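J.:
In this note's numbering, the protein residues as written are 155 to 386.
Shown next, in the form of structure tokens:
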């Protein structure tokens, strides 16, 4: 098994607590020298740190996108509450743009309460969930990021630019005190900017843990949006 295939396993194991080299070796069924070599390479990628014998997942790298399976564990109840508020802005027949965020993903189950809904999304999992629930869905396609399972890049943007929507819902990693929506991913923000521009109404989905945080790339000023939906 290559380091590439083990990378997500390291992140998954370290998501909840630091581990020693020995503990990682036992959980991954590989030798301790292999773990040490992996650690050196993963430190260079700024995914983790190793101090005093403890290996810890690095959470504050300025441009590290958080893997989807970790983000799925974050603030689930808060995201459900936000989704319930979001659907109050939806009507039968709406075309809805959704980004690949896990917060937007929580909206999908509630869309089955509406008729003739069309979802346009760059989220691979979002598209799959919507389609599996019988919701008409258009996926952008494009280059898929392995961290977020979302489509980005020129092909995704080109497809998205061909459509207009009634409403767009999207999230970000942080919302500053002066109203700037920010994120770690420039590519995902490029997709969101098109969604904002091509939708009659747009809403930022933001749980309270993101308030007051600033990240690498600015998406927009909330004054450009119809509103911010949060659980505060």
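Don't be surprised by glycine CBs; every beta carbon is placed ideally from N, CA and C. Only a predicted model underlies this, so the values are computations on that prediction, with no experimental measurement involved.
Within 10 angstroms of the Cβ of residue 216, are there 16 or more other Cβ atoms? Answer buried if so, exposed if not.
T.: Low local confidence applies: a pLDDT of 39 at residue 216 is under 50, so the model's placement there is unreliable, and no value is given.
J.: Just checking: is the beta-carbon of residue 308 within a distance shorter than 8 Å of some beta-carbon in chain C?
T.: Although the question refers to chain C, the structure presented lacks it and comprises just one protein chain.
J.: Using the C-alpha atoms, what's the distance from residue 386 back to residue 331?
T.: Each residue's alpha carbon lies about 14 Å from the other.
J.: Would you decide whether residue 230 is buried or exposed? Buried here means 16 or more other CB atoms lie within 10 Å of its CB.
T.: Classification of residue 230: exposed, given that the 10 Å Cβ count is below 16.
J.: Alpha carbon to alpha carbon, what distance is there between residue 375 and residue 359?
T.: Whole-angstrom Cα-Cα distance: 14 Å.
J.: Following the continuous beta strand (DSSP E) through residue 384, name the residue where it begins and the one where it ends.
T.: Segment: none, residue 384 is in no beta strand (DSSP E) and carries neither H nor E.
J.: Let me know the secondary structure DSSP gives residue 356 once reduced to three states.
T.: Of the three classes helix, strand and coil, the one that applies to residue 356 here is strand, per DSSP.
J.: Residue range of the alpha helix (DSSP H) that residue 238 falls in?
T.: Here the alpha helix (DSSP H) through residue 238 covers 230-240.
J.: Considering just the uninterrupted stretch of the beta strand (DSSP E) at residue 280, what are its terminal residues?
T.: Element bounds for residue 280: not the beta strand (DSSP E) but the alpha helix (DSSP H), 278-286.
J.: Go to residue 293, then tell me how far its beta strand (DSSP E) extends in each direction, as first and last residue.
T.: Counting along the chain, the beta strand (DSSP E) containing residue 293 begins and ends at 290-293.
J.: Give the DSSP-derived three-state secondary structure of residue 309 in the structure shown.
T.: In this structure, residue 309 counts as helix in the three-state DSSP scheme.
J.: Can you tell me which of the three DSSP states residue 192 falls into?
T.: Helix at residue 192.
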